[in-house]
């Protein structure tokens, strides 16, 4: 399974908000420069995230975006659902109409992946990043660590 580019960008943006949580709102222009994501694309992502109650915009000087709740309370699944939710539902509807014999398998894999993402919070990614020697741990490294942990327990 693979996260969409939109979901990956949304996770990256919210991770930056989590890393700067104590510093107050993060300016979109600064975030754009830091992440290499255009301002207009970030605004689109934040619109999805805002509608789902994950981020809040702060107007005026020193404004930007902040998380609406602690990073411990926001899972990667929350972020992915905020930006890809409608796409996933539409994909399942189309698959259901095709009566493809593999639909059950894909539905199972999709639900398993979503369950996996529910178990990883932004705080998990922040802590992994802080523990890493380079300070640049990626979401992929946290996912890989999680897969390794689950494989050891099964």
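In this note's numbering, the protein residues as written are 14 to 167. C-beta: ideal position from N, C-alpha, C; glycine also. Fair warning: this is a prediction, and the values are worked out from it, not measured in the lab.
With the cut-off set at 8 Å, would you say residue 19 and residue 96 are in Cβ contact? For the purposes of this step, residue 19 is taken as residue 6 along the chain shown, with counting starting at 1. For the purposes of this step, residue 96 is taken as residue 83 along the chain shown, with counting starting at 1. A contact, by the Cβ cut-off of 8 Å.
Since residue 70 contacts residue 78 with CB under 8 Å, what's their CB separation in whole angstroms? In the chain shown, counting from the first residue as 1, residue 70 sits at position 57. In the chain shown, counting from the first residue as 1, residue 78 sits at position 65. 6 Å between Cβ atoms; contact.
Which same chain residues end up closer than 7 Å to residue 93 when comparing Cβ atoms and leaving out the 5 residues on each side of it in sequence? Position 80 of the chain shown, counting from 1, holds the residue named residue 93. 16, 20 and 130, listed in sequence order.
Which one or two residues does DSSP pair with residue 80 in a beta bridge? Residue numbering aside, residue 80 sits at position 67 when the chain shown is read from its first letter. The partner list for residue 80 (beta bridge, DSSP) reads 68.
Under 8 Å between C-beta atoms of residue 38 and residue 76: Translated into positions along the chain shown, residue 38 becomes position 25. Translated into positions along the chain shown, residue 76 becomes position 63. Yes.
Are the C-beta atoms of residue 69 and some chain B residue less than 8 Å apart? The structure shown contains no chain B; it is built from a single protein chain.
Of the residues 113, 47 and 90, which one's Cα is nearest the Cα of residue 123? For this step, residue 123 is matched to residue 110 along the chain shown. It is 90 whose Cα lies nearest to the Cα of residue 123.
Applying the 10 Å Cβ sphere with the 16-neighbour rule, what's the burial state of residue 115? Residue 115 sits at position 102 when you count from the first residue of the chain shown. Answer is exposed; the Cβ neighbour count stays below 16.
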